[in-house]
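These notes are about the structure you will find just below.
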Amino acid sequence: MQREQLMDLLTASGVLQEGHFLLSSGLHSDRYLQCAQILQHPERAEKLGREIAEKFSGEKIDLIVGPAMGGIILAYEVARSAGCRGIFTERKDGEMQLRRGFGIEPGERVLLVEDVVTTGKSAREVLQVVEKEGGKVVGISSIVDRSPADLELGVPYRPLLRVEVEVYGPEDCPLCQNGIPLKKPGSRENRE
Ligand SMILES: [Zn+2]
């Protein structure tokens, strides 16, 4: 899928919202991303899974791992396309871990997937979990990459789409200065 097509699909699915948003950090932004919006459509989720699997089609992959919640459906769909298992990690007492009897065999080749990579923190945590189990991380992918340009994860990172999100402090936000109404994302009244 071309960048343009993917942008259109994400916008039409309500993933990529443009406007003036109040983030949980208190900062304001011109874009808001909600990947769950596209993953609720099985045929679209399957398509994204196929796109991600294709980015690593030259590699032997035994297992897809993604962090809960955002990585659960995605890992499953990438696994469907790659023809392998898909599992997820989750946080318990603040620590990323494998639960529910999920395991990784030593030497298994693993692709990590996440809905959005922002700081790379959770991707690194999943990577550590996999390596601790003896798995070999072949690479990382995500639907959207909005990380800093200098992000270094130590393995190949091949996202589907890079999106720049401008973030401002409330006191010097140009959107506020232009009188654009501030929305709190995620609340029902913002749904179309
Ligand atoms: Zn603002």
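Under our numbering, think of the first position of the sequence shown as 4, with each following residue one higher.
For each residue, glycine too, the CB sits at the ideal point set by N, CA and C.
Per the Cβ contact rule, the region 114 to 122 is in contact with the region 77 to 95 (3 or more Cβ pairs under 8 angstroms). Contact check for SER144 against LYS58 passes: the beta carbons are separated by less than 7 angstroms. Look at the beta carbons and you see the region 121 to 129 not touching the region 15 to 23: under three pairs across the two are nearer than 8 angstroms. At least one heavy atom of ligand 1 sits closer than 6 angstroms to the Cβ of HIS31. Comparing alpha carbon positions, the residue from LEU19, ASP11, HIS23 closest to PRO177 is HIS23. If you ignore the 5 residues before and after TYR160, its C-beta comes within less than 6 angstroms of the C-beta of ILE143, all in its own chain and listed in chain order.
For the pair of segments examined, the region 177 to 187 was found not to touch the region 44 to 60: the number of CB pairs separated by less than 8 angstroms stays below three.
Taking the Cα positions, PRO151 is about 12 angstroms away from VAL170. Per the DSSP secondary-structure output, GLY22 pairs with nothing in a beta bridge.
The closest CA to that of VAL120, considering only GLY89, GLY69, GLY106, is found on GLY69.
The beta carbon of VAL140 sits closer than 7 angstroms to the beta carbons of VAL113, LEU115, LEU130, VAL133, GLU134, VAL158 from its chain, once the five residues preceding and following it are set aside; these are given in chain order. Per DSSP, reduced to three states, the secondary structure at LEU9 is helical. In the same chain as GLN100, and ignoring 5 residues on each side of it, the C-beta atoms closer than 8 angstroms to its own belong to THR92, GLU93, ARG94, VAL132, in chain order.
One alpha carbon belongs to ILE55, the other to PRO188, and they sit about 27 angstroms apart. Taking a 10 Å sphere around the C-beta of GLY106, we find fewer than 16 other C-beta atoms and assign the residue as exposed. At least 7 angstroms separates the beta-carbon of VAL168 from that of ARG6. With contacts defined as CB atoms closer than 7 angstroms, ASP153 and ARG165 fail to qualify as a contacting pair.
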